[in-house]
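Numbering (this note's numbering), first residue to last: 204 to 379.
Below you can see the structure in the form of C-alpha cells.
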C-alpha cells in the first residue's frame with residue numbers, strides 16, 4: 204500500500220509542475236485497492252461505447268470472465284482474486300481468452316442469437332463464433348475453504364459463449 208501512495212504522490216507533484224501532465228495521466232488507468240489486491244477501477248475503464256464509464260456489473264464481468272493470459276499461474280491468480288472480492292470460494296467460473304472487442308461483439312453482432320438466460324431473463328445472447336475458455340471448479344476438498352480456495356481448471360476446445368447484455372455490453376456470463 205505504501206508503494207501505491209508513493210506513486211500517487213509522485214504523480215500529483217508531476218501534475219503541479221507540468222501543464223501537459225494531466226492529459227498524459229488521464230490516459231493512465233487508475234486502480235482501487237481491495238482486500239490487499241489492486242484492481243482496475245471502474246472509473247478508469249472506458250466502456251465499449253464511447254467515453255461512457257463501465258457499470259459495476261460490466262466491470263465485474265471483465266474481472267471474473269476475461270483473461271488474455273492462458274497460463275495456469277495467471278488463471279489461479281485470477282481465481283484467488285475473485286474469491287477475495289467475493290469473500291467466499293466461487294463454485295465454478297469460466298474465463299474467456301480472446302480480445303475484449305470480440306467478447307463485446309457478442310452483444311452487438313447481428314449474427315448473435317437472442318436466447319433465454321438460465322434465470323429466465325431475455326437479455327442473453329449466444330455469439331456466432333467459438334471462444335477459447337478455461338473452466339475452473341472448486342475442488343470440493345475439505346481444504347478448499349475461503350480464503351484458501353482450491354480450483355481444478357481445464358482448458359476447453361473453443362465453444363460458443365452466452366452472455367447477458369445491458370446497453371450493448373456484457374454484464375454476466377451465462378453459459379458455454
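Using N, Cα and C, we set each Cβ at its ideal position, and we do this for glycine too.
A Cβ-Cβ contact shorter than 7 Å links residue 299 with residue 269. Within the DSSP bridge table, the entry for residue 335 names 300 as partners. Residue burial is scored here from C-beta neighbours: residue 261 has at least 16 other C-beta atoms within 10 angstroms and is therefore classed as buried. Taken atom to atom, the span from the alpha-carbon of residue 295 to that of residue 341 is near 6 Å.
In this structure, residue 363 sits away from residue 310, with a CB-CB distance that is not shorter than 7 Å. The segment 277 to 286 makes no contact with the segment 313 to 320, as fewer than three CB pairs between them are under 8 Å. With a threshold of 16 other beta carbon atoms within 10 Å, residue 307 meets it and is buried. With a 10 Å radius around the Cβ and a threshold of 16 neighbouring Cβ atoms, residue 343 comes out exposed.
CA-to-CA, the gap between residue 304 and residue 313 works out to about 15 Å.
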